[in-house]
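*Asks:*
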Amino acid sequence: MNLYEWMQTSLFLVVLLSLIKPLGTFMAKVYQGERTILSPVLGPCENLIYRLGGVDRDEEMGWRRYAWAMVLCNIALFAALFIMLLVQGRLPLNPQQLPDFSWQLALNTAVSFVTNTNWQNYSGESAASYLTQMAGLTVHNFVSAATGMAIAIALIRGFVRRKAEQIGNFWVDLTRGVLYILLPLSFISALGLVSQGVIQNFSPYRSVTLLEPFSYQQAKVDAAGHPMTDAAGKAMTETVNVSEVRLPMGPVASQEAIKELGTNGGGFFNANSAHPFENPTPLSNFLETLLILLIPGALTYTFGVMVGNTRQGWALLFVMLFLLMGAFSVLQGAESYGNPGLAKLGMQGPNLEGKELRFGLAATNLFTVATTGTSCGAVVAMHDSLTPLGGLVPLGLILLGEIVFGGVGSGLYTMLAFAIIAVFVSGLMIGRTPEYLGKKIEVREMWMSIITILTAGIVVLILSGIAMLTPQALASMANPGSHGLTEIIYAIASMANNNGSAFAGLNGNTPFYNLLGALAMLIGRYGPAISILAMAGSLAGKKYVPPSLGTLPTDKAPFAIWLTLVILIVGALTFFPALAMGPIVEHLTMLGGG
Amino acid sequence: MPKHSKQPTSAFNPELIRGALVESVKKLDPRTLWRNPVMFCVEIASLITMITFILSVTHANQDPVWFTAAVSVWLWLTVFFSTFAEALAEGRGKARAASLRKARTEVTAKRLERPEFGRPHTVVSANALKKGDCILVEAGDMIAGDGEVVLGAALVNESAVTGESAPVVRESGGDRSAVTGGTQVIANSVIVRITANPGETFLDRMIGLIEGAKRRKTPNEIALEVLLISLTLVFLLVCANMSPLSIYSVRAAGQGTPVSLTVLVALFVCLAPTTIAALLPAIGIAGMDRLFQKNVIALSGRAIEAAGDVNILLLDKTGTITHGNREAVAFIPVGGHTEQEVAQAALMTSLADETPEGRSIVTLAKKQYGLHDEGQAAGVESIAFSAETRLSGINVADQKYRKGAADSLVAFVKLQGGTIPHELEIVVDKIAREGATPLVVCRDQEIYGVVNLKDIVKSGIQERFRQLRSMGIKTVMITGDNPLTAAAIAAEAQVDDFLSQAKPEDKLRLIKDSQEAGFMVAMTGDGTNDAPALAQADVAVAMNTGTQPAREAANIIDLDSNPTKLLDIVMVGKQILMTRGNLTTFSIANDIAKYFAIVPAALLSIYPQLGGLNIMHLASPYSAILSAVIFNALVIPALVPLALKGTAFRPLPAEKLLIYNLLIYGVGGMVAPFLGIKAIDLLVGVLV
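Right, dumping it as structure tokens:
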């Protein structure tokens, strides 16, 4: 990295870390129902929502009711979006007259947005109307994020409460999350993005005449999309002359902010954050990267405040930060090293394929680890074009279970499930019935934690196996070979872990990926979410065990290191053989000059 | 020092090993093996490779026949090693149970109609005795069942139960009245009231426990099993996933063969946490057995594990911190009486007092003041000590002789209109401050003086409390003494806290409050009045010399009646958990090396580049996979001694202990298989 990149990366970390405490404290106040500076303005709105919804804000729920409310709310939102996509062509705010979604694509998309995955088997500018983007997708960006946060907060209450049955009120947690946290932050960030040139309009797409028309050769395809060959069996090409391009427009900034802030990642345009209208300048890129990590990071502090020991939150944050920066270093190293095969041909230097030069290498890599470490999935570069080892980094971050900051709420609760497993084994190793934050870890907590951390991995193992034996699944591949294997594993991992980024190079809009993907996203989201709520209920019912000399402190370095090892070992053991046949063999091939 | 049992103490005694070999083959029965789900999966895996081998003899397979055969053999050995470890751990207990059972056989009893000496008795079989029956036991007789001495005192040889050869005194009244079926009276005769029906006696329970018939998995063991089963499931899927991925890769690379079933099965067994799963039952059994060696019987594995978590230890002062009995050492007169008069009055109050303190008063009065009690016992109404009045004594010829703690006795005297000598308080305080017990003596409303009962703190007890403190366990002394006395002894013994003038309900409340605050409470006790508190405590250790109710309320029984044993129990409890945790970490850490051995070997025909991952430079793909399988099997017997002995416990703070164990079992677990697999590969290379 050059001096400028060092400074940029350091500045980023300083800004991020300095925002953790104030935002974390604020969120703790919000969820504990305390007055905040926003209460005078938003309090009446909040009350109005409860009155309209018939919610008694003081009525607490047991874990079953809480989970039930969460599921009902999600089903209703799913249904609304599903229908909206199916009849999009007949709805207003559709200046391009975009047609209805097919039912499979609508199903995949609705599941994708309700589960905070934002996997997109469609391309935003050519398939989704402004109404769909704003009233459909953006609403989900808010609610799915607030749902994740509510679940995390319910789990924290489980740790905090003693011999209690209730873990909070889902409707209140959801409303507060949207109203006090997501809306104000999105509003401010959207203004910031607009200042950098992110567009916000309802105009029809614009045609622009090029100052320098150009032409290029492209493969000739038949009606079915297959490449055509001439009599000699060679691929036929045709020349395309370009003198005019069409520029898609739309209300981008308002969706862009929540896309990052809620770790949603569903881009307005197909190119996502690499598109100049979504992410025009290095400063907007800095802001977007920051927004991705902001809430998941600050939630660790909220956790610390609520359990009465902020060091507990810092310990988790530093585990996340260590993994993030470790991943960043590997990615930066691999991409700077470039491809030795190309170097032999005289093309020295870093691997710049698929990257936006206006952001540079380090900022692109930072965004890439941030978006895959969290369950965001917005992209600023083509992950498909990374070096094999570089591509392993985002894939690895997803396969770890989205805990390197992780999704809003889901990152924290999955990390806490890992912490419980780590506490269990280390507790045994020091000869005590394991306890975390004063709560004994017993059979039920073990089951729930294990379901939380292993569900996505199990889905990936099963579905990738099925995909490899299914011709329709293999037909979607653009690059057969070990790279194609990586593409499929990445796609399934991205959906099962609710990340939503695509490695690219794989056509996802097929019945196989639309339906199996929807299944993966559902299991990957609700398996852990409901387990976590069940665990919150069981933890809340336990009494508190005060720490003694024999208790392992979970807010100090040895535990943080142990937790990091547990995360890495679980991830490595689960996916080593699959990765050996994908990026690892590709890397060895590249080094061997193959 | 507790003497250890004369039973075989080494698990590696040839006789025990022979027995274990037979047992371990029986344990291969899938109907029993499914209780250990991980090993059950390994057994199925062994079966699959065996079938593959049989088929490969007739139908050519992609792997060489010798390889399939060798993998199959070593997988069966893996299962066998695990059942062998369990059988070996059970062996010692079985040997002991057999000797206990001998003690129970064919005992007859002399049943009495009424509990009085000199009555006619009928001889019945021990099995015919019911709860409440009274039996006469004379010198040389076996005691036919559990019970309590209601009349008399005798010397009892309890070695059959405790392994302790020195006989102990059992006598009516007080806290040493309980006798155990199967023990033998050596001198004197006693009348015993039976307190347990046949088949429910202490000995029966013990035999059941030792044989493991009633051994249940502890919650902690189940939680660990949840983790192990989940990991096994994941590894099963990892291997299942490898098959389609390798089929695709063959097509993509245009060379090689997909990973064979034998290799997948071998990989699965190597990855599954077989090491810990194989040794898990042995660890628990061996832990209980180690306690037996220390003459402690845990009535459940749960109690031992709970002992590892104890934060607060309640110790009955008497017999635990101090040498059982207080002894009268002086009579101090007050209110113008003479020593002789005090001694006389004290003797009268203690005539009917069967407690050791009462007797020590009688002894002192007789020895030092030449008093005697003959002829005075007629027409005596004895007033027994109760926790409510906290006074005892006798009524004789309209005179009330009483003794008791100062405050109770003063209240008694005042009630009768007596006056309190002004120097009483000074005398009482002085004795109390010295850590001794002042016992005030009166006749009717007249206070005669004070008996100085001296309490002697056991030597070396401070060191044990210091160790407990370093493990984060707070010690609380419980005593019926007044606060001053209690404070003096607490200071001398260096306990952290004390509860003085404790009535049974005070003890119970203390335990409940501590539990409410989230602490795990252990308590040692022996008296009947301890029973409610014992029943409430998380870990309740009853002395074998204690009363039957106390023993029934407890979940751990100390046959040596040495209350500081709790330290050993805590240690064993922690050792069991630590051994499980350490072996789990070791088992999982091993997987890294196994991946480096097997994955490149399995995929080499498809991607020769993956040879770069063969960092151990193993000779050939087949020898690499076989070496990993062999290592995985051999590590089980290699770790059996560790599982049986338990990992060493060091009284370190939690964090240091974790780092220490992580370095040994985590880092060691990563490195060991690299060396082991390489070494085996070299050997296999010589043979093949």
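In the order they appear, the protein sequences are chains A and B.
Taking our numbering, the leading residue of the first sequence gets 170, the next gets one more, and so forth.
Taking our numbering, the leading residue of the second sequence gets 501, the next gets one more, and so forth.
A virtual CB, placed ideally from N, CA and C, is assigned to each residue, including glycine.
Can you check the region 777-858 of chain B for any alpha helix (DSSP H) of at least 4 residues that lies completely inside it and give the ranges in chain order?
*Replies:* You should have 801-807, 839-850.
*Asks:* Distance, Cα to Cα, residue 653 (chain B) vs residue 902 (chain B)?
*Replies:* As a position in the second sequence, residue 653 (chain B) is number 153, starting the count at 1. As a position in the second sequence, residue 902 (chain B) is number 402, starting the count at 1. Taking the straight line joining both Cα atoms gives about 26 Å.
*Asks:* For the alpha helix (DSSP H) holding residue 216 (chain A), just list the boundary residues, first then last.
*Replies:* Position 47 of the first sequence holds residue 216 (chain A). Per DSSP, residue 216 (chain A) belongs to the alpha helix (DSSP H) from 208-222.
*Asks:* Please compile the residues from chain A whose C-beta is within a distance smaller than 7 Å of the C-beta of residue 1159 (chain B).
*Replies:* Counting from one through the second sequence, the residue named residue 1159 (chain B) turns up at place 659. Ordered by position in chain A, the residues that pass the 7 Å Cβ test against residue 1159 (chain B) are 727.
*Asks:* Using DSSP with H/G/I as helix, E/B as strand and the rest coil, what is residue 891 (chain B)?
*Replies:* Mapped onto the second sequence, residue 891 (chain B) falls at position 391. The answer is strand: DSSP assigns residue 891 (chain B) an E or B state.
*Asks:* Does chain B have any CB closer than 7 Å to the CB of residue 749 (chain A)?
*Replies:* Working through the first sequence from its first residue, we reach residue 749 (chain A) at position 580. Yes, its Cβ sits closer than 7 Å to a Cβ of chain B.
*Asks:* Within 10 angstroms of the Cβ of residue 309 (chain A), are there 16 or more other Cβ atoms? Answer buried if so, exposed if not.
*Replies:* On the first sequence, residue 309 (chain A) is found 140 positions in, with the first residue counted as 1. The residue is buried, with at least 16 neighbouring Cβ atoms inside 10 Å.
*Asks:* Distance cutoff 7 Å, beta carbons only. Does residue 519 (chain A) sit that close to anything in chain B?
*Replies:* Position 350 of the first sequence, counting from 1, holds the residue named residue 519 (chain A). False, the Cβ-Cβ gap to chain B never drops below 7 Å.
*Asks:* May I ask which residues mark the beginning and end of the beta strand (DSSP E) holding residue 923 (chain B)?
*Replies:* As a first step, residue 923 (chain B) must be located in the second sequence, where it is residue number 423. Segment: none, residue 923 (chain B) is in no beta strand (DSSP E) and carries neither H nor E.
*Asks:* Output needed for residue 274 (chain A): all residues of its chain with C-beta closer than 7 Å, excluding positions within five of it in sequence on either side, in chain order.
*Replies:* Numbered from 1 along the first sequence, position 105 holds the residue referred to as residue 274 (chain A). Around residue 274 (chain A): 290, 291, 678, 683.
*Asks:* Using only alpha-carbon positions, find the residue among A:742, A:442, A:238 that is nearest to residue 456 (chain A).
*Replies:* Numbered from its first residue, the first sequence carries residue 456 (chain A) at position 287. For the residues A:742, A:442, A:238, the minimum Cα distance to residue 456 (chain A) belongs to A:442.
*Asks:* Whose Cβ in chain B lies nearer than 7 Å to the Cβ of residue 288 (chain A)?
*Replies:* For the purposes of this step, residue 288 (chain A) is taken as the residue at position 119 of the first sequence. Ordered by position in chain B, no residue passes the 7 Å Cβ test against residue 288 (chain A), which lies about 21 Å from the chain.
*Asks:* Could you tell me which residues DSSP puts in a beta bridge with residue 997 (chain B)?
*Replies:* As a working note, residue 997 (chain B) is residue 497 in the second sequence. Its beta-bridge partners are B:976.
*Asks:* Answer yes or no: do residue 693 (chain A) and residue 739 (chain A) have a C-beta to C-beta separation smaller than 7 Å?
*Replies:* One-based indexing of the first sequence puts residue 693 (chain A) at position 524. One-based indexing of the first sequence puts residue 739 (chain A) at position 570. No. Outside cutoff.
*Asks:* Return the residue from the list A:613, A:657, A:288, A:470 that minimises the CA-CA distance to residue 586 (chain A).
*Replies:* Here residue 586 (chain A) refers to the residue found at position 417 of the first sequence. Per the Cα distances, A:613.
*Asks:* Tell me where the alpha helix (DSSP H) around residue 383 (chain A) begins and ends.
*Replies:* The residue given as residue 383 (chain A) occupies position 214 in the first sequence. Taken as a continuous stretch (DSSP letters only), residue 383 (chain A) belongs to no alpha helix (DSSP H), being part of the beta strand (DSSP E) at 375-388.
*Asks:* Helix or strand or just coil, what does DSSP make of residue 612 (chain B)?
*Replies:* Numbered from its first residue, the second sequence carries residue 612 (chain B) at position 112. Strand at residue 612 (chain B).
*Asks:* What are the partner residues of residue 625 (chain B), as DSSP defines its beta bridges?
*Replies:* Along the second sequence, one-based indexing puts residue 625 (chain B) at 125. According to DSSP, which records beta bridges pairwise, residue 625 (chain B) is partnered with B:608.
*Asks:* Taking Cβ positions, are residue 813 (chain B) and residue 977 (chain B) nearer each other than 7 Å?
*Replies:* For the purposes of this step, residue 813 (chain B) is identified with residue 313 of the second sequence, where counting begins at 1. For the purposes of this step, residue 977 (chain B) is identified with residue 477 of the second sequence, where counting begins at 1. Not closer than 7 Å, so no.
*Asks:* Can you tell me which of B:703, B:687, B:1038, B:681 puts its alpha carbon nearest to the alpha carbon of residue 693 (chain B)?
*Replies:* In the second sequence, the residue the question calls residue 693 (chain B) occupies position 193. Comparing Cα positions, the closest option is B:681.
*Asks:* Pick out the complete beta strand (DSSP E) segments inside the region 1093-1176 of chain B, 3 residues or longer, and give them in chain order.
*Replies:* Counting whole runs of 3 or more residues, the region 1093-1176 of chain B contains no beta strand (DSSP E) stretch at all.
*Asks:* Using a beta-carbon distance below 7 Å, is residue 713 (chain B) in contact with chain A?
*Replies:* In the second sequence, the residue the question calls residue 713 (chain B) occupies position 213. Note that residue 713 (chain B) scores a pLDDT of 43, beneath 50, so its modelled location is shaky; the value from the coordinates is reported in the next line. It does not; no Cβ of chain A falls within 7 Å.
*Asks:* Would residue 713 (chain A) and residue 980 (chain B) qualify as a contact pair, given that the criterion is a beta-carbon distance under 7 Å?
*Replies:* Counting from 1 along the first sequence, the entry for residue 713 (chain A) is found at position 544. Counting from 1 along the second sequence, the entry for residue 980 (chain B) is found at position 480. No, they are not a contact pair.
*Asks:* Consider the Cβ of residue 1074 (chain B): report whether some Cβ of chain A lies at a distance smaller than 7 Å.
*Replies:* Along the second sequence, read from residue 1 onward, the residue named residue 1074 (chain B) stands at position 574. Closer than 7 Å: yes.
*Asks:* How many whole angstroms separate the CB atoms of residue 800 (chain B) and residue 828 (chain B), which I take to be in contact at a CB cut-off of 8 Å?
*Replies:* Numbered from 1 along the second sequence, position 300 holds the residue referred to as residue 800 (chain B). Numbered from 1 along the second sequence, position 328 holds the residue referred to as residue 828 (chain B). Going by Cβ atoms, the distance from residue 800 (chain B) to residue 828 (chain B) rounds to 42 Å, so no, they are not a contact pair.
*Asks:* Please list the segments of the alpha helix (DSSP H) lying wholly inside the region 626-705 of chain A, counting only runs of 4 or more residues, in order along the chain.
*Replies:* The qualifying runs are 640-644, 651-665.
*Asks:* Residue 235 (chain A) and residue 226 (chain A): beta carbons closer than 7 Å?
*Replies:* Your numbering for residue 235 (chain A) matches position 66 in the first sequence. Your numbering for residue 226 (chain A) matches position 57 in the first sequence. No.
*Asks:* Kindly examine the ligand MN and report whether one of its heavy atoms sits closer than 6 Å to the Cβ of residue 521 (chain B).
*Replies:* Although the ligand MN was asked about, the structure shown includes no ligands whatsoever.
*Asks:* Nearest by alpha-carbon distance to residue 735 (chain B): which of A:744, A:553, A:472 is it?
*Replies:* Counted from its first residue, the second sequence places residue 735 (chain B) at position 235. Nearest C-alpha to residue 735 (chain B): A:744.
*Asks:* Please report the residue range of the beta strand (DSSP E) in which residue 1058 (chain B) lies.
*Replies:* The residue labelled residue 1058 (chain B) in the question sits at position 558 within the second sequence. Here the beta strand (DSSP E) through residue 1058 (chain B) covers 1056-1058.
*Asks:* Take every Cβ of the region 982-989 of chain B, pair it with every Cβ of the region 1082-1090 of chain B, and state whether three or more of those distances are shorter than 8 Å.
*Replies:* Short answer: they don't touch.
*Asks:* Would you mind working out which of A:364, A:721, A:422 sits nearest residue 371 (chain A), comparing C-alpha positions?
*Replies:* Position 202 of the first sequence holds residue 371 (chain A). Checking every option, the nearest Cα to that of residue 371 (chain A) belongs to A:422.
*Asks:* CA-CA distance, residue 688 (chain B) and residue 657 (chain B)?
*Replies:* Here residue 688 (chain B) refers to the residue found at position 188 of the second sequence. Here residue 657 (chain B) refers to the residue found at position 157 of the second sequence. Their Cα atoms are separated by approximately 12 Å.
*Asks:* Is it true that the CB of residue 669 (chain A) sits closer than 7 Å to the CB of residue 288 (chain A)?
*Replies:* Within the first sequence, numbered from 1, the residue matching residue 288 (chain A) stands at position 119. Within the first sequence, numbered from 1, the residue matching residue 669 (chain A) stands at position 500. In this structure, residue 669 (chain A) lies closer than 7 Å to residue 288 (chain A) by Cβ.
*Asks:* Apply the 10 Å Cβ neighbour rule to residue 542 (chain B) and answer buried if 16 or more other Cβ atoms are within range, or exposed otherwise.
*Replies:* As a working mapping, residue 542 (chain B) is identified with position 42 in the second sequence. Answer is buried; the Cβ neighbour count reaches 16.
*Asks:* Consult DSSP for residue 956 (chain B) and reduce its assignment to one of helix, strand or coil.
*Replies:* For the purposes of this step, residue 956 (chain B) is identified with residue 456 of the second sequence, where counting begins at 1. Of the three classes helix, strand and coil, the one that applies to residue 956 (chain B) here is coil, per DSSP.
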